[in-house]
């Protein structure tokens, strides 16, 4: 069974429950899809118990909101590799990655039947049909929750901008290696690639 390790600092998502800034886009539930980014036990097991519990609860709230409001939900996961060479530089940095069975594990039951895009690199758009799927659904906004902020979540924000997709990151429904890195990502996305919203702000949208 493949495992993932990382140095995680202890912090709470409540530090970010008032974050709201960005490029001025207006969230529209009729235009948005929800991406649950790399939300796998394989990654979450490295978080502190408190942070893991908070993230699971926040993601569950967002997924429930999406399903209640007719917002399409997609999840992402790394494409399983059988040899370290298939991962390229990523293999040198992070190892082989999750196995074929691990990429289909979930900590939120509502995600069991959600379609998954299997990516080859950090961005959820890289070597996937996420862009095509969003166009097919008539969605040109993407709200994101999951893990890790300073990895795939910020990488996906740049790809979204390049594809004319308005990107919204839910500040207290993502996690990272430390509060400092988490905040740095929010500031960069808010200044350069998208819109930062908080959980309370999101669930009032219909």
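Residue numbers (my numbering): 1 to 206.
For every residue, glycine included, the Cβ atom is placed at its ideal position computed from N, Cα and C.
All values derive from a computational prediction rather than experimental measurement.
- Annotation for residue 60: the continuous alpha helix (DSSP H) segment containing it runs 49-68.
- Annotation: residue 40 is outside any alpha helix (DSSP H) and is labelled neither H nor E by DSSP.
- DSSP places residue 180 within a helical segment (H, G or I) once states are collapsed to three.
- Residue range 141-147 is occupied by the beta strand (DSSP E) that includes residue 141.
- Counting along the chain, the unbroken beta strand (DSSP E) around residue 169 starts and ends at 166-175.
- Counting the other Cβ atoms within 10 Å of the Cβ of residue 138 gives fewer than 16, which makes it exposed.
- With respect to residue 150, residue 11 sits apart: the two C-beta atoms are not nearer than 8 Å.
- In the same chain as residue 143, and ignoring 5 residues on each side of it, the C-beta atoms closer than 6 Å to its own belong to 32, 34 and 168, in chain order.
- Counting along the chain, the unbroken beta strand (DSSP E) around residue 117 starts and ends at 116-119.
- For the pair residue 117 and residue 107, the CB atoms are not nearer than the 8 Å cut-off.
- No residue range can be given for residue 45, since it is assigned to no alpha helix (DSSP H) and is classified by DSSP as neither H nor E.
- In the DSSP assignment, residue 84 falls outside any beta strand (DSSP E), carrying neither H nor E.
- Assignment of residue 21 by DSSP, reduced to helix, strand and coil, places it in the strand class.
- Within 10 angstroms of the beta-carbon of residue 57 lie fewer than 16 other beta-carbons, which makes it exposed.
- The Cβ-Cβ distance between residue 205 and residue 27 falls below 8 Å.
- In the three-state DSSP reduction, residue 197 falls in the strand class (E or B).
- DSSP links residue 78 through a beta bridge to 119.
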